Amino acid sequence: MLKTAIKPKWIAALVFALAVSVILVLLSHWQFSRSLEKDVAPPSVTEKVQPLLDTMTPGHLMTGDHEGQVVTAQGHFDPSKQLLLPSRLQDGKEGYWDVVAFVVDGAVAPVGVKATEDVLIPVARGWVASPEDVPAVPEGKLTIEGRLLNSEGCPS
């Protein structure tokens with residue numbers, strides 16, 4: 816058996832198998848390090864204010880490369896679609912985020928079973944200590960500026 820193992824073709828096969836193993840280990844390290852990276856644009860890109868409709872399509876899936884981008888949008892708030900998200904901390908105090916639907920002017924409505932005529936995006940207007948502290952929702956056509964963030968995934 817040792818005579819067979821030391822033949823040149825078997826030694827070459829062993830060297831080839833070891834080389835493939837080393838390459839696969841190096842590739843697995845690279846793949847693992849890539850899986851830990853976020854596909855977020857650098858601050859030099861995200862801090863430049865962009866029009867929302869040029870950056871992404873509201874009502875469709877937001878990809879990671881848009882997250883953190885500062886955008887402007889024209890439209891109006893829909894006060895009938897307002898939420899208070901509880902258990903939000905600010906300066907060590909627990910309170911609420913005031914979130915209101917913003918109807919984006921000029922956006923193409925998505926197609927589907929749950930699609931609406933208006934294209935809505937949730938806008939976090941700010942933090943309040945109690946529901947009584949919520950300011951009135953602004954009326955009329957507005958231009959807002961804010962940062963795009965992915966959803967936290969609220970239960971329905």
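Per this note's numbering: the sequence shown = residues 816 to 971. Note that CB positions come from ideal geometry on N, CA and C, so glycine has one too. Only a predicted model underlies this, so the values are computations on that prediction, with no experimental measurement involved.
Quiz item: If you count every other CB in all the chains shown that lies within 10 Å of the CB of threonine 819, and 16 or more means buried, which is it?
Solution: As a first step, residue 819 must be located in the sequence shown, where it is residue number 4. Its Cβ having fewer than 16 others within 10 Å, threonine 819 is exposed.
Quiz item: What's the gap between the Cα of proline 937 and the Cα of histidine 844?
Solution: Taking the sequence shown and counting its residues from 1, one reaches residue 937 at position 122. Taking the sequence shown and counting its residues from 1, one reaches residue 844 at position 29. Proline 937 and histidine 844: Cα-Cα distance of roughly 39 Å.
Quiz item: Whose C-alpha, out of Val952, Leu851, Asp933, is nearest the C-alpha of threonine 872?
Solution: The residue given as residue 872 occupies position 57 in the sequence shown. Residue Asp933 is the option with its Cα nearest to threonine 872.
Quiz item: Taking all protein chains shown into account, do 16 or more other C-beta atoms lie within 10 angstroms of the C-beta of leucine 957, making it buried, or fewer, making it exposed?
Solution: Taking the first residue of the sequence shown as position 1, residue 957 is located at position 142. So leucine 957 counts as exposed.
Quiz prompt | Segment contact flag, the stretch 921 to 928 with the stretch 937 to 946, C-beta cutoff 8 Å, min 3 pairs | solution = no
Practice problem: Have a look at the DSSP bridge pairing and note the partners of leucine 900. | Solution: Residue mapping note: residue 900 aligns to position 85 of the sequence shown, counting from 1. DSSP, once it has assigned bridges, lists Trp912 as partnering leucine 900.
Quiz item: By how many angstroms is the C-alpha of glutamine 889 removed from the C-alpha of aspartate 906?
Solution: Here the question's residue 906 lines up with position 91 in the sequence shown. Here the question's residue 889 lines up with position 74 in the sequence shown. Answer to the nearest angstrom: the Cα atoms are 32 Å apart.
Practice problem: Could you check what DSSP says for glutamine 889 in three-state terms: helix, strand or coil? | Solution: Position 74 of the sequence shown, counting from 1, holds the residue named residue 889. Glutamine 889: strand per DSSP, three-state reduction.
Quiz item: Start and end of the beta strand (DSSP E) containing proline 937?
Solution: Here the question's residue 937 lines up with position 122 in the sequence shown. Judged by DSSP secondary structure, proline 937 falls within the beta strand (DSSP E) whose first and last residues are 935 to 943.
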